[in-house]
Amino acid sequence: GQQLNQSPQSMFIQEGEDVSMNCTSSSIFNTWLWYKQDPGEGPVLLIALYKAGELTSNGRLTAQFGITRKDSFLNISASIPSDVGIYFCAGQQTPYGGATNKLIFGTGTLLAVQP
Amino acid sequence: EAQVTQNPRYLITVTGKKLTVTCSQNMNHEYMSWYRQDPGLGLRQIYYSMNVEVTDKGDVPEGYKVSRKEKRNFPLILESPSPNQTSLYFCASTGLRGAYNEQFFGPGTRLTVL
Numbered sequence: 196g197q198q199l200n201q202s203p204q205s206m207f208i209q210e211g212e213d214v215s216m217n218c219t220s221s222s223i224f225n226t227w228l229w230y231k232q233d234p235g236e237g238p239v240l241l242i243a244l245y246k247a248g249e250l251t252s253n254g255r256l257t258a259q260f261g262i263t264r265k266d267s268f269l270n271i272s273a274s275i276p277s278d279v280g281i282y283f284c285a286g287q288q289t290p291y292g293g294a295t296n297k298l299i300f301g302t303g304t305l306l307a308v309q310p
Numbered sequence: 014e015a016q017v018t019q020n021p022r023y024l025i026t027v028t029g030k031k032l033t034v035t036c037s038q039n040m041n042h043e044y045m046s047w048y049r050q051d052p053g054l055g056l057r058q059i060y061y062s063m064n065v066e067v068t069d070k071g072d073v074p075e076g077y078k079v080s081r082k083e084k085r086n087f088p089l090i091l092e093s094p095s096p097n098q099t100s101l102y103f104c105a106s107t108g109l110r111g112a113y114n115e116q117f118f119g120p121g122t123r124l125t126v127l
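Chains as they are written, first to last, in the numbering used here: chain C, 196 to 310; chain B, 14 to 127.
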């Protein structure tokens, strides 16, 4: 099955630093999503992007839908300890003539924040 | 409270012993799916269901079965588990949030097959 290339695989940063991660694909997506997974929990949606070029913020988080529709990035500003977790990008393709809710997930970025 | 529940949360079993992981959602969603999460591979879709009695294979369906007899329930069945099915499993339910669809994930089931 198709997967998205997500980088970096892991990041170890100091509290207060900014974080950037990205996702790339060889295929075009119509929707890009960013999820966070806390230890022992399921992924929770952080930001959804629906249009190429779209830049969306959610508090300290900012995500962009690449113009080519083949990439997306997520920035976290002024990181805090509770930002710790695994971040996943996900892409969604809507085939012509129908709708599907299938998500293709990236491999994840493990974020550790040192207080 | 809108939620997706899974049971059990943790399970250790032996090769070949049939097991079922239950999934239930209280949001009246039509679309549900199962994923497995493995290190370095992210989440991969096992099966999905567009509605009652309508199921289809995802990317990694081998060794799994599902059923959808009621809208709220979507159990995952491993008829003869093998060690390579040791993984973290998530059930998800999709419904409208505003004008767009959003997937809501359950808390996960960690399965170990010895």
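Ideal Cβ placement from N, Cα and C applies to all residues, glycine included.
Residue i versus residue j: straight-line alpha-carbon distance, rounded
i, j, result
"LYS265/C", "GLY235/C", "30 angstroms"
"VAL34/B", "TYR245/C", "33 angstroms"
"GLY261/C", "GLU210/C", "28 angstroms"
"ASN200/C", "GLY303/C", "9 angstroms"
"MET206/C", "SER106/B", "30 angstroms"
"ALA285/C", "GLY237/C", "14 angstroms"
"SER95/B", "THR251/C", "43 angstroms"
"LEU127/B", "GLU92/B", "15 angstroms"
"ILE242/C", "THR257/C", "8 angstroms"
"LEU24/B", "GLN98/B", "12 angstroms"
"GLY254/C", "ARG85/B", "33 angstroms"
"ALA294/C", "ASN225/C", "With a pLDDT of 48 at ALA294/C, under the threshold of 50, the predicted position of this residue should be treated as unreliable, though the coordinate-derived value follows. Spanning the two alpha carbons is a distance of roughly 11 angstroms."
"THR68/B", "LYS31/B", "20 angstroms"
"GLY248/C", "GLN198/C", "22 angstroms"
"GLU14/B", "GLN38/B", "10 angstroms"
Sequence-distant residues of the same chain with beta carbon closer than 8 angstroms to residue i, five excluded per side
i, result
"GLN58/B", "SER46, TRP47, TYR48, GLY71, ASP72, VAL73"
"PRO21/B", "VAL34, THR122"
"ASN64/B", "GLU43, TYR44, ARG81, LYS84"
"PRO290/C", "Note on PRO290/C: pLDDT 44, under 50, position unreliable in the model; the coordinate value appears next. No residues qualify anywhere along the chain."
Min CB distance residue i to chain B below 8 angstroms
i, result
"TYR291/C", "Here TYR291/C scores only 36 on pLDDT, less than 50, and its place in the model should not be relied on; the value that follows carries that caveat. Not one chain B Cβ lies under 8 angstroms of TYR291/C."
"PRO238/C", "yes"
"LYS297/C", "yes"
"PHE283/C", "yes"
"GLY280/C", "no"
"PHE224/C", "no"
"GLY303/C", "yes"
"PHE300/C", "yes"
"GLN309/C", "no"
"GLN288/C", "no"
"GLN209/C", "no"
Cutoff 7 angstroms; reference residue i; Cβ partners in own chain excluding five residues on either side
i, result
"VAL279/C", "LEU306, ALA307, VAL308"
"GLY292/C", "Confidence at GLY292/C is low in this model, with a pLDDT of 32, below 50, so its placement is unreliable and no value can be given for it."
"ASP51/B", "SER100"
"PRO276/C", "GLU210, VAL308, PRO310"
is_contact[residue i, chain C] using C-beta, thresh 8 angstroms
i, result
"TYR23/B", "no"
"TYR102/B", "no"
"TYR61/B", "yes"
For residue i, the nearest candidate out of the options (CA to CA)
i, options, result
"PHE103/B", "THR263/C, PHE224/C, VAL239/C, SER215/C", "VAL239/C"
"SER272/C", "SER215/C, SER202/C, PRO203/C", "SER215/C"
"THR263/C", "GLU212/C, SER220/C, ASP213/C", "SER220/C"
"PRO203/C", "PHE268/C, GLN288/C, LEU228/C", "PHE268/C"
Close-in-space but distant-in-sequence residues of the same chain around residue i (CB under 6 angstroms, 5 per side omitted)
i, result
"LYS90/B", "Checking the displayed sequence, the identity of residue 90/B turns out to be Ile instead of Lys. These residues qualify, in order along the chain: THR33, LYS78."
"GLN116/B", "ALA105, THR107"
"ILE281/C", "GLN232, GLY303, LEU305"
"GLN259/C", "LEU250, PHE268"
Going along the chain, which residues of the segment 243-274 of chain C sit with their C-beta nearer than 7 angstroms to a C-beta in chain B? ALA243, TYR245
May I ask you to list, following chain order, the residues of the segment 47-59 of chain B that have a beta carbon less than 7 angstroms from some beta carbon of chain C? GLY53, LEU54, GLY55, LEU56, ARG57, GLN58
Residues of the segment 104-123 of chain B with a CB closer than 7 angstroms to any CB of chain C: list them in chain order, please. THR107, TYR113, ASN114, GLU115, GLN116, PHE118, GLY119, PRO120, GLY121
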